[in-house]
Amino acid sequence: MIEDMIRNTFSRLITGQRRIALKAVVPSENDLKNKIEDLAEIGIYLHIPFCDRICPYCPYNKEVFHSDLVKHYTSAVKREIDSYTRMVGKMPVTSFYIGGGTPTSMLHSGIEDLIIYIYDHFNMQCDIHMESHPSHLSDDNLDTLQAMGVSNLSIGVESLQDHHLKVLKRPYTTAEVRKIVERVVNRNFDCVNVDFMFALPNQTYDEVEQAGRILVDMGVDQVAAYPLFKFPYTKMGSDGLESAFNLSTLIRRRKMLGILEDIFYNADFRRSSVWAFTKRGVPKYCSVTVPLYIGLGASGGTYLKDIFYLNTFSAKEYINSLENDKMAIALSLDLTKEVQMAGWLYWRIYETKIDKREFDDRFGVNFDQVYGKYMQILAHLGFLNDDGKQIHLTDRGSYWMHAFEDLFSIDYISTLWGTSKQNPWPEEVIL
Ligand SMILES: C[S@@+](CC[C@H](N)C(=O)[O-])C[C@H]1O[C@@H](n2cnc3c(N)ncnc32)[C@H](O)[C@@H]1O
Ligand code: SF4
Numbered sequence: 066m067i068e069d070m071i072r073n074t075f076s077r078l079i080t081g082q083r084r085i086a087l088k089a090v091v092p093s094e095n096d097l098k099n100k101i102e103d104l105a106e107i108g109i110y111l112h113i114p115f116c117d118r119i120c121p122y123c124p125y126n127k128e129v130f131h132s133d134l135v136k137h138y139t140s141a142v143k144r145e146i147d148s149y150t151r152m153v154g155k156m157p158v159t160s161f162y163i164g165g166g167t168p169t170s171m172l173h174s175g176i177e178d179l180i181i182y183i184y185d186h187f188n189m190q191c192d193i194h195m196e197s198h199p200s201h202l203s204d205d206n207l208d209t210l211q212a213m214g215v216s217n218l219s220i221g222v223e224s225l226q227d228h229h230l231k232v233l234k235r236p237y238t239t240a241e242v243r244k245i246v247e248r249v250v251n252r253n254f255d256c257v258n259v260d261f262m263f264a265l266p267n268q269t270y271d272e273v274e275q276a277g278r279i280l281v282d283m284g285v286d287q288v289a290a291y292p293l294f295k296f297p298y299t300k301m302g303s304d305g306l307e308s309a310f311n312l313s314t315l316i317r318r319r320k321m322l323g324i325l326e327d328i329f330y331n332a333d334f335r336r337s338s339v340w341a342f343t344k345r346g347v348p349k350y351c352s353v354t355v356p357l358y359i360g361l362g363a364s365g366g367t368y369l370k371d372i373f374y375l376n377t378f379s380a381k382e383y384i385n386s387l388e389n390d391k392m393a394i395a396l397s398l399d400l401t402k403e404v405q406m407a408g409w410l411y412w413r414i415y416e417t418k419i420d421k422r423e424f425d426d427r428f429g430v431n432f433d434q435v436y437g438k439y440m441q442i443l444a445h446l447g448f449l450n451d452d453g454k455q456i457h458l459t460d461r462g463s464y465w466m467h468a469f470e471d472l473f474s475i476d477y478i479s480t481l482w483g484t485s486k487q488n489p490w491p492e493e494v495i496l
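In the working numbering, the protein residues as written are 66 to 496.
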């Protein structure tokens, strides 16, 4: 298939590897300690794989909330924290993100306990960014969240038209979710992000425009706007959503994204990542912000210098492993220097800004020598501006990054997450 051909060519060009294989190889605690030892700082990601109900489009690792399982999960995460405490010691933790699933599903059943445990065991020098579901954001629950120290909150709004909310099987109406968001906005969080999906089945341009205006009127600090991606292993993905790689989809998404860009730029938002628009002067809401991080919980991913590894996706297996004093690592990948550099570049493009000095310092090689010729081609195509020191992605570049995401990341994620969901301990996953 043409998509495979393009993917393989790009993969080879950027990483020097045709295919990447994650293997069931578990690094020793000592190995990990050595890798962590000389870092200056580290981030923590905590995964909460529980939701009240399962949405038909959602690719994330999650299962329906059961209080008994959640109790054991909380204890298992504490055991995992204990292992990492031995490796991390007093190193500053400068970024902390709680994602899911739905972290607020554990609001009254363990999340506070875990946050306290993390702040007691690590040298935390950062605030908390957390994802939430609109149905959990009553006044009382917001009091609880703020008392726990959550200062940056993301809300999965997804759509602002009732018929689309119905198709997505979201359990609220537009009127209800607007009230909820307004309640949160009046709460003095440092940043309130709203997740919003566009290019939904049969969605019109007028509907996207109407939703964009409502988002701005509600006074949120940031909007993360994703086109609805098709993950083959989800209910909606297998029901045949439109393919990202046909011309009419590309044109439709481009136009919808353009409508949103106009609305957000006119309301004094700036682009803060390929997907996100943040009000000027507000710190952006985002996942772990430092390049190297530890992933706690089922499906938590850890990136330490020259290794990336993933915990088992099954909450039950995760609990079993930790109860038996074993790490819950299912798959790992040793990263060659080329892959590390390509990973770095991917994330900087994702953030729409590349600082060449950072690359030179981190890898001890000159950015332009490695990627200069590709950047020149992209600059000619109008995808980016290069002032010699920094590179900034243009709106055109961001759009094509969207398309590129569909070609690479969504496919890689589908393979990795789809396989890991089916088999808690795969022997190997080839991307
Ligand atoms: C973990 S969920 C957000 C928190 C919470 N679980 C909720 O649903 O409200 C992360 C976000 O990913 C986005 N997302 C999920 N599935 C998607 C898909 N198939 N295509 C595009 N975005 C998707 C949604 O915007 C969703 O809010
Ligand atoms: S979109 Fe959110 S609530 Fe729905 S299944 Fe995914 S993580 Fe759970």
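Note that CB positions come from ideal geometry on N, CA and C, so glycine has one too.
Check: Exposed unless 16 or more other CB atoms sit within 10 angstroms - verdict on Thr-269; Outcome: exposed
Check: For review: beta carbons within less than 6 Å of any heavy atom in ligand 2; Outcome: Cys-116, Ile-119, Cys-120, Cys-123, Tyr-125, Lys-127, Gly-165, Gly-166, Thr-167, His-198, Gly-221
Check: Three or more C-beta pairs below 8 Å linking the segment 459 to 469 and the segment 103 to 113; Outcome: no
Check: Assigned secondary structure, Leu-111 (DSSP; H/G/I helix, E/B strand, else coil); Outcome: strand
Check: Pro-168 to Asp-433 span [Cα, whole Å]; Outcome: 41 Å
Check: Whole-angstrom distance between Asn-311 and Ile-67, CA atom to CA atom; Outcome: Low confidence applies to Ile-67: its pLDDT is 49, below 50, so where it sits in the model is not reliable, and the reading given next is rough at best. Distance between the alpha carbons of Ile-67 and Asn-311: 12 Å.
Check: Reference Ala-444, options Ile-193, Thr-459, Val-347, closest by Cα; Outcome: Thr-459
Check: Simplified DSSP assignment, three categories, for Ile-67; Outcome: Reliability of the predicted coordinates at Ile-67 is poor, the pLDDT of 49 falling under 50, and the value obtained from them is presented with this limitation in mind. Note: Ile-67 maps to helix in three-state DSSP.
Check: Beta-carbon contacts of Lys-391 that lie in its chain and below 7 Å, excluding the five residues immediately before and after; Outcome: none
Check: Phe-294 Cβ short of 7 Å to ligand 1 heavy atom set; Outcome: yes
Check: Ligand 1 heavy atom lying under 7 Å from the CB of Tyr-464; Outcome: no
Check: Cβ neighbour criterion (16 or more within 10 Å) applied to Ala-86; Outcome: exposed
Check: Cβ contact (3+ pairs, closer than 8 Å) linking the segment 320 to 336 and the segment 470 to 485; Outcome: no
Check: Near ligand 3: Glu-196 beta-carbon under 7 Å from a heavy atom; Outcome: Ligand 3 is not part of the structure shown, which contains ligand 1 and ligand 2 as its ligands.
Check: Residues bridged to Asp-451 [DSSP beta-bridge criterion]; Outcome: Ile-456
Check: Cutoff 7 Å; reference Arg-336; Cβ partners in own chain excluding five residues on either side; Outcome: Phe-342, Thr-417, Ser-463
Check: Met-262 beta carbon near ligand 1 (any heavy atom closer than 7 Å); Outcome: yes
Check: Pairwise C-alpha distance: Tyr-439 and Cys-351; Outcome: 28 Å
Check: DSSP-derived helix/strand/coil call for Pro-157; Outcome: strand
Check: Glu-241 beta carbon near ligand 1 (any heavy atom closer than 7 Å); Outcome: no
Check: Near ligand 1: Glu-470 beta-carbon under 7 Å from a heavy atom; Outcome: no
Check: Residue range of the beta strand (DSSP E) that includes Ser-200; Outcome: Segment: none, Ser-200 is in no beta strand (DSSP E) and carries neither H nor E.
Check: Inter-residue spacing [alpha-carbon to alpha-carbon] between Val-91 and Ile-384; Outcome: 17 Å
Check: Member of Cys-120, Gln-405, His-131, Ser-140 whose CA lies at the smallest distance from the CA of Leu-361; Outcome: Ser-140
Check: Range covered by the alpha helix (DSSP H) that runs through Gly-360; Outcome: Segment 358 to 361 is the beta strand (DSSP E) holding Gly-360; no alpha helix (DSSP H) there.
Check: Residues that DSSP places opposite Leu-87 in a beta bridge; Outcome: Val-494
Check: Cβ pair Asn-126, His-112 closer than 8 Å; Outcome: yes
Check: Tyr-291: CB within 7 Å of a non-hydrogen atom of ligand 1; Outcome: yes
Check: Limits of the alpha helix (DSSP H) - the one that Gly-302 falls within; Outcome: 300 to 303
Check: When Asn-217, Asn-267, Val-430 are compared against Asp-255, the one with the closest alpha-carbon; Outcome: Asn-217
Check: Buried versus exposed, by CB contacts within 10 Å (16 or more), Pro-292; Outcome: buried
Check: Spatial neighbours of Val-435 in its chain, beta-carbon cut-off 7 Å, leaving aside the 5 residues before and after; Outcome: Met-406
Check: Contacts around Pro-489, its chain only, beta-carbon distance under 7 Å, and the 5 residues preceding and following it disregarded; Outcome: Thr-377, Phe-378, Ser-379, Glu-382, Ala-395
Check: Contact check, Tyr-110 vs Gly-365, beta carbons under 8 Å; Outcome: yes
Check: Glu-326: CB within 7 Å of a non-hydrogen atom of ligand 1; Outcome: no
Check: Inter-residue spacing [alpha-carbon to alpha-carbon] between Leu-446 and Ala-468; Outcome: 15 Å
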